[in-house]
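*Asks:* Below is the structure I would like to discuss, written out as structure tokens.
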Amino acid sequence: MKHMYRDIHYKFKWNGASIDYKDLGEISYSLIKEGKSYQKAMGEFLLDWIDKNDYIPVKTSGSTGEPKEILLKKQNMVNSAKITGSYFDLWPGQSALLCLPGDYIAGKMMFIRSMVLGLELDWVPPSSTPLKDSERCYHFSAMVPLQLENSLDKINHIKTLIVGGAPVSSDLKAKIQDKMTDIYETYGMTETITHVAVKKINNGAKDCFETLPNISIEKDNRNCLVLHAPNLNNERIVTNDIVELVSNKEFKWLGRYDNVINSGGIKLLPEQIESKLNSVLNQRYFVTGLPDDLLGQKLILLIEGKQEDDHLSEKIKTLQTLKKHEVPKEIIFVEKFVETINGKISRRDTLAKIQSI
Numbered sequence: 001m002k003h004m005y006r007d008i009h010y011k012f013k014w015n016g017a018s019i020d021y022k023d024l025g026e027i028s029y030s031l032i033k034e035g036k037s038y039q040k041a042m043g044e045f046l047l048d049w050i051d052k053n054d055y056i057p058v059k060t061s062g063s064t065g066e067p068k069e070i071l072l073k074k075q076n077m078v079n080s081a082k083i084t085g086s087y088f089d090l091w092p093g094q095s096a097l098l099c100l101p102g103d104y105i106a107g108k109m110m111f112i113r114s115m116v117l118g119l120e121l122d123w124v125p126p127s128s129t130p131l132k133d134s135e136r137c138y139h140f141s142a143m144v145p146l147q148l149e150n151s152l153d154k155i156n157h158i159k160t161l162i163v164g165g166a167p168v169s170s171d172l173k174a175k176i177q178d179k180m181t182d183i184y185e186t187y188g189m190t191e192t193i194t195h196v197a198v199k200k201i202n203n204g205a206k207d208c209f210e211t212l213p214n215i216s217i218e219k220d221n222r223n224c225l226v227l228h229a230p231n232l233n234n235e236r237i238v239t240n241d242i243v244e245l246v247s248n249k250e251f252k253w254l255g256r257y258d259n260v261i262n263s264g265g266i267k268l269l270p271e272q273i274e275s276k277l278n279s280v281l282n283q284r285y286f287v288t289g290l291p292d293d294l295l296g297q298k299l300i301l302l303i304e305g306k307q308e309d310d311h312l313s314e315k316i317k318t319l320q321t322l323k324k325h326e327v328p329k330e331i332i333f334v335e336k337f338v339e340t341i342n343g344k345i346s347r348r349d350t351l352a353k354i355q356s357i
């Protein structure tokens, strides 16, 4: 039997209270009127969920451009929840933790999954330390890498954790290898209603993403990923993510097409170089290209804050993993990176900032 978006599982609980569809109106108004900012955002979302439209307006993150509003079909959001439940073997009555803000799709979908699958959802204020005051154990949760980093002492309280919003660093991956929690890095976007592929990063870690059920993939002539997810989006989704296809269900993410640097005829993928630099850098950083008369673009390294290591340049040059053309030609320190509305580094705007100085 098809689960419709007005159906709420009878086992769904929110902070210990049983909730059905008719309760959502009163709850949403209360959150908007009396709640804190993160609660108001969820209240507005719930108000949209129970209105007469069959779609929800949501904001994209703005990671690769200006944030924009798009419309997602409510039934497709339900379908996404069912796919996640099937992949991770989630059952009615299991517990879930929502520690993400409700402004964006990741937080919204944790709520939808719980309503659809009949999970008992605890909702805590979004913070960088979501497990600090918690002693309860959970079957399922979602975090960003910073939250995982700050929760390592209690992360075994969660059975299955999905991590998204930004790539998981090699340093953080090393720290989770002895954890009992099954931790997955996710691949997805607002247009795909959060994740459409996941990669196990501990306890039998994988080196490629595996798509969720009923999702197929291919590459275009730029070597960028193309997604076919009929239950989530009626149109094929052409991404700007350069990938290596391992099979018709698996791929390796290599970097963003719009970040590619052409230096002396060699195409450099910043994300691949950044992962190699992780072992010698403990500040926020990224690599990008600046115009150069000889090379077309020269590779530069931008680091947030002040210089902390006088020997950094020498350490980078001696990294065995870096190829000769992957060594930055220049290192620039920036007092503060420009961020998107949800806290991600805006490469484009940070680069424009230093070029205007």
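The sequence shown begins at 1 in full-length UniProt numbering and counts up by one. Backbone N, C-alpha and C fix where the C-beta goes; we use that ideal spot for every residue, glycine too. Since we're looking at a predicted model, the values are computed, not measured.
Near residue 286, which residues of its chain fall below 7 Å by C-beta distance, leaving aside the five closest residues on each side in sequence?
*Replies:* Taking the first residue of the sequence shown as 1, we reach residue 286 at position 286. 270, 274, 302, 345 and 347.
*Asks:* Give the range of the alpha helix (DSSP H) segment to which residue 354 is assigned.
*Replies:* Numbered from its first residue, the sequence shown carries residue 354 at position 354. Start and end: 347-355.
*Asks:* Between residue 102 and residue 45, how many whole angstroms is the CB-CB distance? I'm expecting something under 8 Å.
*Replies:* For the purposes of this step, residue 102 is taken as the residue at position 102 of the sequence shown. For the purposes of this step, residue 45 is taken as the residue at position 45 of the sequence shown. The Cβ separation is near 6 Å, so the contact holds.
*Asks:* Quick check on the burial criterion: 16 or more other C-beta atoms within 10 angstroms. Buried or exposed for residue 239?
*Replies:* Within the sequence shown, residue 239 is the residue found at index 239, counting from 1. Buried: at least 16 other Cβ atoms inside 10 Å.
*Asks:* Relative to the C-alpha of residue 192, which residue among 153, 130, 58 and 334 is closest?
*Replies:* Reading the sequence shown from its first residue, position 192 is the one you call residue 192. Nearest of 153, 130, 58 and 334 to residue 192, Cα basis: 58.
*Asks:* Please report the distance separating the alpha-carbon of residue 30 from that of residue 113.
*Replies:* On the sequence shown, position 30 is the one that residue 30 refers to. On the sequence shown, position 113 is the one that residue 113 refers to. Roughly 22 Å separates the two Cα atoms.
*Asks:* Measuring CA to CA, which of 143, 127 and 128 is closest to residue 109?
*Replies:* Taking the first residue of the sequence shown as 1, we reach residue 109 at position 109. When only C-alpha atoms are compared, the closest one is 143.
*Asks:* Residue 39: which of 230, 180 and 107 sits nearest, CA to CA?
*Replies:* Position 39 of the sequence shown, counted from the first residue, corresponds to residue 39. The shortest C-alpha separation from residue 39 is found at 107.
*Asks:* What three-state label does DSSP hand residue 267 in the structure shown?
*Replies:* One-based indexing of the sequence shown puts residue 267 at position 267. Reduced to three states, the DSSP call for residue 267 is strand.
*Asks:* In whole angstroms, what is the alpha-carbon distance linking residue 153 and residue 119?
*Replies:* Indexing the sequence shown from 1 puts residue 153 at position 153. Indexing the sequence shown from 1 puts residue 119 at position 119. When rounded, the distance between both Cα atoms is 25 Å.
*Asks:* Once DSSP output is grouped into helix, strand and coil, what is the label at residue 189?
*Replies:* As a position in the sequence shown, residue 189 is number 189, starting the count at 1. Correct three-state label for residue 189: strand.
*Asks:* Ordered along the chain, which non-local residues of its own chain (more than five positions away) have a Cβ less than 7 Å from that of residue 1?
*Replies:* Start at 1 with the first residue of the sequence shown, and residue 1 comes out as number 1. Residue placement at residue 1 is flagged as unreliable, the pLDDT there being 49, under the threshold of 50; a coordinate-derived value is accordingly withheld.
*Asks:* Closest to residue 243 by CA distance: which of 231, 226, 235 and 300 is it?
*Replies:* Here residue 243 corresponds to residue number 243 of the sequence shown, with the count starting at 1. Taking only the C-alpha atoms, the option nearest residue 243 is 226.
*Asks:* What is the residue span of the alpha helix (DSSP H) that residue 212 lies within?
*Replies:* In the sequence shown, residue 212 corresponds to position 212, counting from 1. Looking at the DSSP string, residue 212 is not in any alpha helix (DSSP H), and its letter there is neither H nor E.
*Asks:* The alpha helix (DSSP H) with residue 240 in it runs from where to where?
*Replies:* Within the sequence shown, numbered from 1, the residue matching residue 240 stands at position 240. Looking at the DSSP string, residue 240 is not in any alpha helix (DSSP H); the run it does join, the beta strand (DSSP E), is 237-245.
*Asks:* Residue range of the alpha helix (DSSP H) that residue 105 falls in?
*Replies:* Position 105 of the sequence shown holds residue 105. Unbroken alpha helix (DSSP H) run through residue 105: 105-117.
*Asks:* In angstroms, rounded to a whole number, what distance separates the CA positions of residue 83 and residue 130?
*Replies:* Within the sequence shown, numbered from 1, the residue matching residue 83 stands at position 83. Within the sequence shown, numbered from 1, the residue matching residue 130 stands at position 130. Near 26 Å, if we compare the C-alpha coordinates of residue 130 and residue 83.
*Asks:* Count the other CB atoms, across all protein chains shown, that sit within 10 Å of the CB of residue 241; report buried if there are 16 or more and exposed otherwise.
*Replies:* Residue numbering aside, residue 241 sits at position 241 when the sequence shown is read from its first letter. Buried.
*Asks:* Just to confirm, is the Cβ distance from residue 162 to residue 187 under 8 Å?
*Replies:* Within the sequence shown, the letter at position 162 stands for residue 162. Within the sequence shown, the letter at position 187 stands for residue 187. No. Outside cutoff.
*Asks:* With H, G and I counted as helix, E and B as strand and the rest as coil, what does DSSP make of residue 39?
*Replies:* What you label residue 39 is simply residue 39 of the sequence shown in a count that begins at 1. Note: residue 39 maps to helix in three-state DSSP.
*Asks:* Write down the C-beta distance between residue 156 and residue 180 rounded to the nearest angstrom, noting that I regard them as a contact closer than 8 Å.
*Replies:* Position 156 of the sequence shown, counting from 1, holds the residue named residue 156. Position 180 of the sequence shown, counting from 1, holds the residue named residue 180. Indeed they touch by this definition, with Cβ atoms about 5 Å apart.
*Asks:* Less than 8 Å between the CB atoms is what I'm expecting for residue 74 and residue 5, so what's the real figure, rounded?
*Replies:* Translated into the one-based positions of the sequence shown, residue 74 becomes position 74. Translated into the one-based positions of the sequence shown, residue 5 becomes position 5. Their Cβ separation, rounded to whole angstroms, is 4 Å, which keeps residue 74 and residue 5 in contact under 8 Å.
*Asks:* So is residue 267 buried or exposed if we call it buried at 16+ other beta carbons inside 10 Å?
*Replies:* Indexing the sequence shown from 1 puts residue 267 at position 267. Residue 267 should be labelled exposed.
*Asks:* Below 8 Å on the Cβ atoms is my contact criterion, and I expect residue 349 with residue 338 to pass it. Report the Cβ-Cβ distance as a whole number of Å.
*Replies:* One-based indexing of the sequence shown puts residue 349 at position 349. One-based indexing of the sequence shown puts residue 338 at position 338. Residue 349 to residue 338, Cβ: 4 Å. Contact.
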